[in-house]
Structure formats: C-alpha cells, structure tokens
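Each residue of the sequence shown is one higher than the last, beginning at 9 in this note's numbering.
The C-beta atom is built at its ideal place from N, Cα and C for all residues, glycine as well.
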Amino acid sequence: MTRRPRWPLALLLVLLAALAAFGLLARGRAAPTEGSAEVTFVRGMIQHHAQAVDMATRIRDRSKNRTLRSLALDIILSQQEQIGQMRGWLTLWNRPWAGAGMDAEHARLMGMATPAEVTSLDTMPVNTAEVTFLQLMRRHHQGALAMVRPVLDHPARPEVQALARQINATQSAEIRLMDQLLAQRGAAPLPDPGGMPGMPGMDMGGAGTKSTTPP
9 MTRRPRWPLA LLLVLLAALA AFGLLARGRA APTEGSAEVT FVRGMIQHHA QAVDMATRIR
69 DRSKNRTLRS LALDIILSQQ EQIGQMRGWL TLWNRPWAGA GMDAEHARLM GMATPAEVTS
129 LDTMPVNTAE VTFLQLMRRH HQGALAMVRP VLDHPARPEV QALARQINAT QSAEIRLMDQ
189 LLAQRGAAPL PDPGGMPGMP GMDMGGAGTK STTPP
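Okay, here's the thing in structure tokens:
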C-alpha cells in the first residue's frame, strides 16, 4: 500500500490558519473608504509601477549590458510583486483596482513617461535606448519618491507605510545606481519632474517637506 504524502494537507492547514489570523487582524480596523488617502495612493502607485515594469521589460529584452539588464530585472520583479500586494489590499478593502487614474499633467509631475517615450525604447539604437531608459526611469523613480512622501510623513495604515518605506529605500538606491550608469555613458539625468507630494485627492493632513532620499 502506497502512503500518500501528507504535506499538501499540512500546507493547506497552515494557509487556512494564516488567512484566519489575517482576517482577525483585518477586522480590528475598518477598511479604507473610497477617496481615502490609502486607496488613492495604492491605486496611483499601481499605475506608476505598471509603467516602470513596461519600460524595464522593453530594455531588458534589447540590452546586452549585464548591469543594466540586472537593474531592469530587479525593477520588474520587485514592482510586479508590489502591484500584486497592492491589488490584494484593494480586494481586501472591497475597493476596485482601477480608479480615475492620473491625467496627463499629473502623470508628468509624477515623473511618468509619455506613451511615445515608452515605445521609443523599442525602435531607437540600443545604445541610445539604454541612455533614454536610464533617464526616463530615474525621473520615474523621483516621481515615486514624491508619491510616498505624504505616507511617510503622516499617519497611515501600517502595511501601507511599510510599503512606502520599502519603495523609498529601494528606489533611492536605484537612482544612485542609475546616476553611475549615466555617468559611465557620458549622459546627464533629465530635470527633476517637479511633482508635488502625493496624488490628487490624497489628503493626509498636509504633505511634509522633508526629502525621502537618504543622504
């Protein structure tokens, strides 16, 4: 008689216990409402991350530079994971994933590339595309730092603040790496996008002014 492995059942029990514990924790605090700072931030960051993943995928598929490909892969994996995490929160909060989104002007202030800039990464010479990617992604990261600033400076749900800290640390480090890669290519960064902290409708009692980029 062949004994069936018990690990699937054990794994299921662990998963059910974790979900039950998570449910108990979630019930201890009301879910954010439509238009709240948390919902607005999460939806905006999902949109922002999605473009970063798109740009990183395009350059990863073209570049032969090991460091640049590694950076692109890190962006793809980390930001796809965070997109899944944020969508999970919206589902848990009984909020739709998509909202009104950013208009073109606010997207620009948050460092996002235009559709034409994104698709140009597919057609320009590879060396030019590498420089353009680094410039666009660096500006994009600066926009993300502006978006997390109100969450870091003012009270928010602990899980949202933890994600904001993670984004701030990771993308600040990636900006420093992109500065090095641009310097190696004799290229300068694009001007700061000049975005104001936060997202439209994201009122957390007034945005702070301290920089989120570590010294």
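Nearest in C-alpha terms to S128, of all of R70, A39, P197 and L190, is R70. By the criterion of at least three beta-carbon pairs nearer than 8 angstroms, the stretch 182–191 is in contact with the stretch 135–152.
About 10 angstroms separates the beta carbons of H57 and Q93, which is beyond the 8 angstroms limit, so they are not a contact pair. Residue environment for T41: exposed (fewer than 16 other C-beta atoms within 10 angstroms of its C-beta).
Short of 6 angstroms from the beta carbon of L142, and not among the five residues preceding or following it, lie these beta carbons of its own chain, in chain order: M186, L189 and L190. P104 sits exposed, since fewer than 16 C-beta atoms from the chains shown fall within 10 Å of its C-beta. The C-beta distance from V139 to R193 rounds to 5 angstroms, short enough to fall under 8 angstroms.
Following the DSSP letters along the chain, one finds R51 inside the alpha helix (DSSP H) bounded by residues A45 to R68. The shortest C-alpha to C-alpha distance from E46 to any of E125, A177, P166 and T178 is the one to P166. Distance from the CA of L85 to the CA of R37, rounded to the nearest whole angstrom, comes to 30 angstroms.
Between the C-alpha atoms of P133 and E125 there is a straight-line separation of about 14 angstroms. By the neighbour-count definition (other C-beta atoms within 10 Å, threshold 16), P158 is a buried residue.
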